[in-house]
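J.:
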Amino acid sequence: MKRLGIIALALLFLWACQPENIVPQPDRPKEQEKPEPPKEPEPPKEPVKLSGTVIGTTLYVDYDTGQSSRTVNTRDNVFDGNFDTFFATYERSRTWVGLDLGKKHVITKVGYSPRVSQEGRVELALIEGANMPDFSDALPIAMIKEKGRAREMSYVETSFSRGVRYVRYVGPNNARCNLSELEFIGYESEGNDSGLYQITNLPTVVINTAGGADIVSKDNYINSNVYIVSGGGKELLSAAQTQIKGRGNASWDFPKKPYKIKFAEKQSPLGAPAHDKTWTLINNYGDKTLMRNILAFEVSRRVGMAYTPFCTPVDVVLNGEYEGCYQLCDQVEVDGGRVPAKDGYLIEIDAYNYTEAVNFWSAKGMPVTVKYPDSDKITQAQKSFIQNYFGKMENAVFASDFKDAKDGYRKYLDLDSFLKNFIVGEFCGNTDTYWSVYMYKDAKEGVLYTGPVWDYDLAFENDGRTYPINDLRDYIYCTNGSVASDAVRNMVNRIVKQDPAAKERLRELWNGVKPYLSTLNNYVDDTSALLEESQQLNFRRWPIMNQWVHQNPRVEGSYAGEVKRVKDYITARLTKFESLTGK
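Each residue of the sequence shown is one higher than the one before, starting from -6 at the first, in this note's numbering.
1. Okay, do the segment 290 to 298 and the segment 213 to 230 touch, 3+ Cβ pairs below 8 Å being the bar?
2. Which complete beta strand (DSSP E) runs does the segment 269 to 333 hold, if anything under 3 residues is left out?
3. Threshold first: 3 residues or longer. Then list the beta strand (DSSP E) segments lying entirely within the segment 131 to 206, N to C.
4. How far does the beta strand (DSSP E) with GLN236 in it reach, from first residue to last?
5. Whole angstroms are fine: how far does the CA of LYS42 sit from the CA of PRO34?
6. Output the distance between the C-alpha atoms of LEU510 and VAL417, rounded to the nearest integer angstrom.
7. Going residue by residue through the segment 433 to 508, where are the continuous beta strand (DSSP E) segments of at least 3 residues, counting only ones entirely within it?
8. Let me make sure I understand the geometry here. Which of SER429, ALA452 and LEU92 has the alpha-carbon closest to that of GLY49?
9. Which word fits PRO360, buried or exposed, when buried means at least 16 other C-beta atoms lie within 10 angstroms of its C-beta?
10. As a quick exercise: from VAL90, GLU341, LYS253 and TYR552, pick the residue whose alpha carbon is nearest that of ILE379.
11. If you follow the alpha helix (DSSP H) that LYS376 is part of, which residue opens it and which one closes it?
12. On the DSSP bridge assignment, give the partners of GLY575 in chain order.
13. Quick one: what's got a C-beta closer than 8 Å to ALA203's C-beta in the same chain, skipping five residues either side?
14. Tell me whether LYS569 sits in a helix, a strand or coil according to DSSP, three-state version.
15. Cβ atoms of LEU283 and PRO262: under 8 Å apart, would you say?
16. Let me know if TYR52 comes out buried or exposed under the rule of 16 or more other beta-carbons within 10 Å of its beta-carbon.
17. For GLU526, I'd like the list of residues in its chain whose CB is within less than 7 Å of its CB, leaving aside the five on either flank, ordered along the chain.
18. Using alpha carbons as the reference points, say which of SER62, VAL199, ALA389 and ASP323 lies closest to TYR300.
19. For the segment 63 to 71 against the segment 97 to 104, are there 3 or more C-beta pairs whose distance is under 8 Å?
20. In terms of alpha-carbon separation, which member of ALA232, SER106 and GLU116 lies closest to LEU132?
21. Taking 8 Å as the threshold (C-beta atoms), are GLN544 and GLY279 in contact?
22. Could you have a look at ASP409 and say whether DSSP puts it in helix, strand or coil?
23. Please return the same chain residues whose Cβ sits closer than 7 Å to the Cβ of GLY330, not counting the five positions on each side in sequence.
24. Can you give me the start and stop residues for the beta strand (DSSP E) that GLU341 sits inside?
25. Does the separation of the CB atoms of TYR552 and LYS249 fall below 8 Å?
26. Along the chain, where does the alpha helix (DSSP H) containing THR520 start, and where does it finish?
27. Taking GLY317 and TYR433 to be in contact with their CB atoms under 8 Å, please state how far apart those CB atoms are, rounded to whole angstroms.
28. Output the boundary residues of the beta strand (DSSP E) element that contains TRP89.
29. Helix, strand or coil for ALA646 per DSSP?
30. Secondary structure at THR50, three-state DSSP: helix, strand or coil?
31. Taking all protein chains shown into account, do 16 or more other C-beta atoms lie within 10 angstroms of the C-beta of GLY575, making it buried, or fewer, making it exposed?
32. Contact check, MET298 vs ASN414 under 8 Å by CB: the rounded distance?
33. Give me the Cα-Cα distance between THR271 and LYS253, rounded to the nearest whole angstrom.
34. Express the C-alpha separation of LYS255 and GLN234 in angstroms, rounding to a whole number.
35. How long is the line joining the alpha carbons of ILE462 and GLY422, rounded to whole angstroms?
36. Is the number of C-beta pairs between the segment 305 to 312 and the segment 382 to 398 that are closer than 8 Å three or more?
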């Protein structure tokens, strides 16, 4: 019986397991996953005074003999706790002292004390951090912006968030470091790039050349790493394998040098419209407002030029040394977001044409440089074409029927762009307008357009050869102070003075843009405020405010005075230009 009962139970179980006989059961609620308890934030690490291996410049000066030394006034003195010993280098500039911390640390504060009796020698010194022993990846951690106090530690706090192994103090230019004591305070950490250091409210451009080499040539690039810190320290453009060289003509001879940057990959730094490899750093040495090019580009935009170069003010650090306030600008070249002549030509009526690879002289004696196609790509046929085309334009300007709207010079030269460029140059008071004037041709069949505007550091009453501009009885290009060649001056005369239709069109264009230019002084005020902190540091680095520099007509003695001269000029120029166009 027991056996039969077991068999019956087994059969009942098999029947119940058939799919059609399974009674559905209600779903059971799933057990909710228990959230992990929130992680406790890491307790803030206590910053401490850091130690490590002393590194830095190894050739010192013995002030008793004036000779170099390996044993006197050494770098170790800045870490000995003695205010009466000091570090002084034999070389006057590009000298430094620091620590190899062994591991990455976030630096929160830096202490320093100057050599006794040399309290000003620390002003504009930079503190840098790096993770490469040659400091090729160095970024500024802080700047010392004031004089130090002898026999006393001063401290500068920093919010620099990157962890760095190597830290250093880079003495300001012409200071031999002359430092008594140095402390780095922080904590061990990998850190991050959430908060980097900007010297002022302007973006900071950092250039570290290979081996710390100086930039001494306009012809030969040297390798470098370039970093641009912006957005209040929250944005970083990091570009290794960048090349850099000098640039400019007269500006290259100034103590504060202009530079040309060539990135390995195309970039659009600081929101620039163009996406390109080549960019310029304009030095503005003789422009004590540091804004004349910025203002000229604003006038260009308000006048309605087809293309105005991108330009924004920045602070520049070169191999650990503060170089001052510059302007990061487009390179004037044919490309997207720049000169719109991809299938054509870019030329320049250029008094320095003899220094350029591809150039010619017109039949009337105008010096011309061919900027595009590039000198290493242009064919002889292309050079001949643009030279012949320029000659046709020139011949048409000086022909008896030059006023003819169909068969005169308008057949080869776009009148509106020529007149807009004329307005910018004459309104801004640029003595060099026809010493250097760009023209481009956007296709083989197209006409020559004039522009873009470039190189206005002598504008806005900054040239003694034409000062005071608003006392001149005629346009600037007509005066003896203008550096335009006779051939160029005669060409401009034919168009703006001897062609009634062109004179009328100039008046129409002026009436259209005058309301936009009447508020330009508001833009001057805004730009002055933007530059305020940077200009103060710039003129400590380059103490020229009370000196005549380049073509300065006057020395105002203050930044506010220099800006006022520009504003006074603009106010008077609005009235003067009105009278000139009415002649």
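We put the CB at the ideal spot given by N, CA and C, even for glycine.
T.: With the structure as the only source:
1. no
2. 269 to 275, 304 to 311 and 314 to 323
3. 132 to 136, 147 to 150, 157 to 163, 172 to 181 and 197 to 202
4. 228 to 239
5. Residue confidence is low: PRO34 scores 47 on pLDDT, short of 50, so the model does not pin down where it sits. No coordinate-derived value is stated.
6. 10 Å
7. 441 to 443
8. LEU92
9. buried
10. GLU341
11. 373 to 390
12. Per DSSP, none; premise fails for GLY575.
13. SER129, ILE215, ASN216 and SER217
14. helix
15. no
16. The sequence as given places Leu at residue 52; Tyr does not occur at that position. LEU52 comes out exposed.
17. THR193 and ASN194
18. ASP323
19. no
20. ALA232
21. yes
22. helix
23. PRO266, ALA267 and HIS268
24. 338 to 343
25. no
26. 513 to 534
27. So it is not a contact: roughly 32 Å between Cβ atoms.
28. 89 to 107
29. There is simply no residue 646 to check, as the chain begins at -6 and stops at 576 in what is shown.
30. coil
31. exposed
32. 7 Å
33. 7 Å
34. 9 Å
35. 7 Å
36. no
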